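Single-structure report; data block below.
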Amino acid sequence: MGGKEIDADVAVIGGGIIGLSIAFELSWRGARVRVFDRDEPARAASWAAAGMLAPHTEMIEDASFRALCADSLAMYPEFVSRLFAAGGIDPHLRLDGILSTAFSEIEMEDCAARWETLRRRSVKAQILDRDDVLRLEPSLASTVRGGLLVESEGQIDNRLLGRALLAACAARGVTIHASARDIALECDERRVLGVRSDQGFYPSGSVVNACGAWASQLAGVPIDSVVEVEPVKGQMLALQIPRGLIQRVVWAPGAYLVPRDDGRLLIGATVEDIGFDTRVTARGVQSLLDAALRAAPALRDCALTEMWSGVRPSTPSGLPQIGATSIAGYFVAVGHYRNGILLAPITARRMADAL
Ligand code: FAD
Ligand code: GLY
Numbered sequence: 001m002g003g004k005e006i007d008a009d010v011a012v013i014g015g016g017i018i019g020l021s022i023a024f025e026l027s028w029r030g031a032r033v034r035v036f037d038r039d040e041p042a043r044a045a046s047w048a049a050a051g052m053l054a055p056h057t058e059m060i061e062d063a064s065f066r067a068l069c070a071d072s073l074a075m076y077p078e079f080v081s082r083l084f085a086a087g088g089i090d091p092h093l094r095l096d097g098i099l100s101t102a103f104s105e106i107e108m109e110d111c112a113a114r115w116e117t118l119r120r121r122s123v124k125a126q127i128l129d130r131d132d133v134l135r136l137e138p139s140l141a142s143t144v145r146g147g148l149l150v151e152s153e154g155q156i157d158n159r160l161l162g163r164a165l166l167a168a169c170a171a172r173g174v175t176i177h178a179s180a181r182d183i184a185l186e187c188d189e190r191r192v193l194g195v196r197s198d199q200g201f202y203p204s205g206s207v208v209n210a211c212g213a214w215a216s217q218l219a220g221v222p223i224d225s226v227v228e229v230e231p232v233k234g235q236m237l238a239l240q241i242p243r244g245l246i247q248r249v250v251w252a253p254g255a256y257l258v259p260r261d262d263g264r265l266l267i268g269a270t271v272e273d274i275g276f277d278t279r280v281t282a283r284g285v286q287s288l289l290d291a292a293l294r295a296a297p298a299l300r301d302c303a304l305t306e307m308w309s310g311v312r313p314s315t316p317s318g319l320p321q322i323g324a325t326s327i328a329g330y331f332v333a334v335g336h337y338r339n340g341i342l343l344a345p346i347t348a349r350r351m352a353d354a355l
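Under the numbering used here, residues 1 to 355 are what the sequence shown spells out, in order.
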């Protein structure tokens, strides 16, 4: 392949949840799309994540960013049903609420203050006393003082979501170039020309940088258009739990617990500003297990089945960049930091509208 004709309307570089969601949305609207990944798509941060859909529990301060996150959450049921219709894989969307727990008077006051704020914003939430919390989650420690339930939030199995996106993209005719080497943007002073890799040159009308934590390293981008993205490491682990031991996403001091339909309980996550180091460390695992067992001592005899880590893509402002750049035809969808799974539907829509 190497002709000069435009071969794809859009080339997406980076096949994480963000790149694949954009590719799916564009293909749904009739565009010809290619996705280039230097590795296996739907791995990286998108595989490592916990999959929580938590615009309120994440305590986002920036009002317009919080609104973006809430709008994306509202789009999720329709997004997932289109994915299922296209590719036949159900990524287990569960909107059964997220419970933040308090184990001290100060944490209880914090829950009450957050509940008051949510009430003012018309977000459905309940402030709970100790008995209410234990009725919802009987396996939590009896020392729990109370909690806050945000009813509209929940989770999706992000690894299944990756598979659902790949299947839906394939069904919609998206070409995926996995494990491509030497991927580079090709452009002149004014506009993009396409994407080059060891698999050849693919002319393209537009190119989207969706390279996650590596976005600033994409080859071929003129220096004044390089996006600033830094990695922020997160370690996680999984226990195999008896069905129903923990029923919904629970935030406890020092860790969150995410029960999956397959019987795993994810425990996450550390937040470490140490570059692209993805080792799972003794300290990381200890801190997560300590926090989880303090909140739910009943977990202590469960089998520890998996440990992993990933890097969140973070920008200096803490906000994602989604849209055009000063180079005609070159777009970025980067910097989704702690909320890239949540933001997939709205990022895809915004990029497709912009393109
Ligand atoms: P990635 O998934 O990292 O994908 C980037 C892709 O680009 C990769 O496939 C990579 O191989 C490819 N790539 C990189 N450079 C190049 C190149 N030069 N050429 C070609 N390909 C390239 N978000 C939530 O919403 N909810 C959560 O509960 C949640 N929990 C998290 C827990 C942890 C531990 C972590 C680490 C993250 C969590 N996140 C969560 C954040 C979320 O995972 C990310 O924001 C999201 O996955 C970013 O997606 P992405 O597609 O931009 O990046
Ligand atoms: N959003 C959860 C995390 O990034 O750990």
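C-beta atoms are modelled at their ideal positions from N, C-alpha and C, and glycine is treated no differently.
Please read all numbers here as calculations on a predicted model, not as lab measurements.
Short Cβ contact (8 Å threshold) for residue i with residue j
i	j	result
Ala42	Ile60	no
Arg264	Ala238	yes
Pro345	Ser21	yes
Gly97	Leu128	no
Ile341	Gly51	yes
Ile327	Cys187	yes
Leu355	Val10	yes
Pro77	Leu83	no
Phe36	Ser197	yes
Ala86	Ala168	yes
Ala213	Arg312	yes
Val207	Gly329	yes
Gly162	Trp47	yes
Val227	Asn209	yes
Ile223	Ile13	no
Pro231	Phe276	yes
Leu68	Ala352	no
Ala291	Ala255	yes
Cys172	Trp28	Looking at the sequence itself, residue 172 is Arg, so the reference to Cys does not match. Taking 8 Å as the Cβ cut-off, Arg172 and Trp28 qualify as a contacting pair.
Val332	Ala170	no
Arg243	Asp157	no
DSSP bridge partner residues for residue i (one or two, in chain order)
i	result
Thr175	Arg34
Pro203	Gly194
Gln321	Val334
Leu148	Ser100 and Ile127
Pro231	Pro313
Met236	Gly268 and Trp308
Leu257	Val250 and Ile267
Glu186	Gly194
Gly154	Leu53
Ala219	Ala184
Ala348	Answer is none; Ala348 lacks a bridge partner.
Ala8	Ser204
Ala328	Arg191
Asn339	In DSSP, Asn339 forms no bridge with anything.
Backbone CA spacing between residue i and residue j [nearest angstrom]
i	j	result
Leu53	Lys233	19 Å
Leu73	Gly19	18 Å
Ala357	Gly310	Absent from the model: residue 357. The displayed extent of the chain is 1 to 355, so no value can be given.
Ala252	Val271	15 Å
Met241	Arg294	According to the sequence shown, residue 241 is Ile rather than Met. Looking at the two C-alpha atoms, the distance is approximately 16 Å.
Thr315	Ile89	32 Å
Lys124	Val195	46 Å
Gln235	Arg190	42 Å
Arg350	Gly335	15 Å
Ala219	Thr325	16 Å
Phe24	Ala8	14 Å
Thr117	Ser100	15 Å
Glu40	Ala178	6 Å
Cys302	Arg114	33 Å
Ala70	Thr305	33 Å
Ala112	Arg145	12 Å
Ala63	Arg121	11 Å
Thr175	Tyr202	12 Å
Leu288	Ser204	45 Å
Thr347	Arg66	14 Å
Gly3	Arg159	In this prediction, Gly3 scores a pLDDT of 45, lower than 50, which makes its location untrustworthy; the coordinate-derived value is nonetheless stated afterwards. Each residue's Cα considered, the two are about 36 Å apart.
Gly284	Glu58	21 Å
Beta-carbon separation (whole angstroms), residue i vs residue j, contact threshold 8 Å
i	j	result
Ser139	Ile246	6 Å
Ala180	Arg38	6 Å
Val33	Gln155	Going by Cβ atoms, the distance from Val33 to Gln155 rounds to 28 Å, so no, they are not a contact pair.
Val80	Leu93	5 Å
His56	Val133	18 Å between Cβ atoms; not a contact.
Glu107	Val250	So it is not a contact: roughly 13 Å between Cβ atoms.
Ala362	Ala141	In the structure as shown, the chain starts at 1 and stops at 355, and residue 362 therefore has no counterpart that could be examined.
Residue-level contact to chain C via CB, residue i, 8 Å cutoff
i	result
Glu109	You won't find chain C in this structure, because it holds only one protein chain.
- Segments of 3+ residues assigned as beta strand (DSSP E) that fall wholly inside the stretch 264–314: 264–268 and 303–314
- Complete runs of the alpha helix (DSSP H) confined to the stretch 26–99 [at least 4 residues]: 44–48 and 63–87
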